[in-house]
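Residues in the sequence shown are numbered from 0 upward in steps of one, following numbering that gives the first Met the number 0. All residues carry an ideal CB built from backbone N, CA and C; glycine is no exception.
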Amino acid sequence: MDLSKCFDKLDHELILKSIKKRVTDSSVLELIKQFLKSGVMVDGEWQHTEIGSPQGGVISPLIANIYLDAFDQEMRKRGHRIVRYADDILIFCRSRKGAENAQVQATKVLEKQLKLTVNETKSHIAHSGEGVKFLGIEIGSHYSRIQPKKMSTFKGKLKRVTRRNGGKPLLEVIKQLNPLLRGFSQYFRIANANREFKKLAAWLRRRLRSVQLRLWKKTDPTPPQAKTARLRRVIQVYLYG
0 MDLSKCFDKL DHELILKSIK KRVTDSSVLE LIKQFLKSGV MVDGEWQHTE
50 IGSPQGGVIS PLIANIYLDA FDQEMRKRGH RIVRYADDIL IFCRSRKGAE
100 NAQVQATKVL EKQLKLTVNE TKSHIAHSGE GVKFLGIEIG SHYSRIQPKK
150 MSTFKGKLKR VTRRNGGKPL LEVIKQLNPL LRGFSQYFRI ANANREFKKL
200 AAWLRRRLRS VQLRLWKKTD PTPPQAKTAR LRRVIQVYLY G
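What follows is the structure, given as structure tokens:
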């Protein structure tokens with residue numbers, strides 16, 4: 000399930016009511032209230048905000064999670080298994096009929112109790128055999144994997160860092176790669192992606208060897224076989240370091 004403009008439609012009274020269950024410090028509550036009422040700039044003009052939490056605000060994701068916790072609790076109380084990240088929601092059911100019932104109940108809680116709007120065009124029922132896409136991961140009956148589109152986009156980033164005509168020293172390139180690789184692997188660590196990560200690592204090693212050998216061809220008189228062996232050791236030591 001997906002919500003339309005979730006951050007823009009959070010009800011301030013419900014937000015503060017939810018937060019008061021966990022926070023009793025009046026000064027903190029007042030700061031949160033001021034944050035919610037701080038307004039936004041639209042076409043160069045300031046507009047007062049009666050609902051919503053500013054997108055891009057430091058605490059907006061936290062506020063949205065606190066707000067939607069009521070949905071999580073209500074659905075679990077009714078026996079549904081759910082996974083939610085901000086306003087992206089998955090509900091797991093054993094049958095089509097159960098899924099239809101869960102969708103009706105979820106929509107009722109979200110729209111009636113929390114005053115949000117379910118995006119009907121992006122909310123649908125799917126069989127696990129078809130695979131379900133969620134936050135860049137494709138989830139099936141017996142597998143989970145990185146969506147090919149996400150992997151392709153990430154490889155595009157790596158290609159830009161490892162341009163063959165970049166002229167940067169290998170170690171400098173690897174230092175730029177490592178934060179990207181760590182971030183990508185951490186994000187997708189919940190997917191069963193060991194095989195995909197191994198393929199990515201092999202592809203990247205080949206690309207790095209090609210880049211460095213191209214540079215050495217111009218500057219280093221060492222025989223090609225010795226260069227390749229030396230390069231393999233360097234990449235093995237520093238990549239993912």
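Residue pairing by DSSP places Leu-115 opposite no residue, since no beta bridge is assigned to it. Non-local beta-carbon contacts of Asp-7 in its own chain, meaning distances under 6 Å to residues more than five positions away in sequence, involve Gly-51 in chain order. Here Val-131 is bridged, per DSSP, to Ile-138.
Counting along the chain, Leu-176 sits inside no beta strand (DSSP E); it lies in the alpha helix (DSSP H) bounded by residues 169-186. Nearest to Ser-209 by C-alpha distance, out of Leu-157, Thr-161, Val-57, is Thr-161. Here DSSP, grouped into helix, strand and coil, assigns Ile-58 to coil. Cβ-Cβ distances below 8 Å link Leu-176 to Leu-157, Val-160, Thr-161, Leu-203, Leu-238 in the same chain, with the five nearest sequence neighbours on each side left out; the list follows chain order. Using a Cβ distance threshold of 8 Å, Lys-121 and Asp-1 count as a contacting pair. Going by DSSP, Gln-46 is part of the beta strand (DSSP E) stretching over 44-46. Per the coordinates, the alpha-carbon of Ser-143 lies some 30 Å from the alpha-carbon of Gly-55. Here Gln-104 has Met-74, Arg-77, His-79 as same chain residues with Cβ atoms under 8 Å from its own Cβ, once five neighbours each way along the sequence are excluded. Taking a C-beta distance under 8 Å as the contact criterion, Tyr-66 and Ile-14 qualify as a contact pair.
Per DSSP, the beta bridge partners of Val-82 are Leu-89. Three or more pairs of CB atoms, one per stretch, sit closer than 8 Å, so the segment 123-143 contacts the segment 88-103. For Ile-31, the enclosing alpha helix (DSSP H) starts and ends at 25-35. With a cutoff of 8 Å on beta-carbon distance, Leu-113 and Phe-153 are scored as not near each other. In the DSSP assignment, Ser-143 is bridged to Ile-138.
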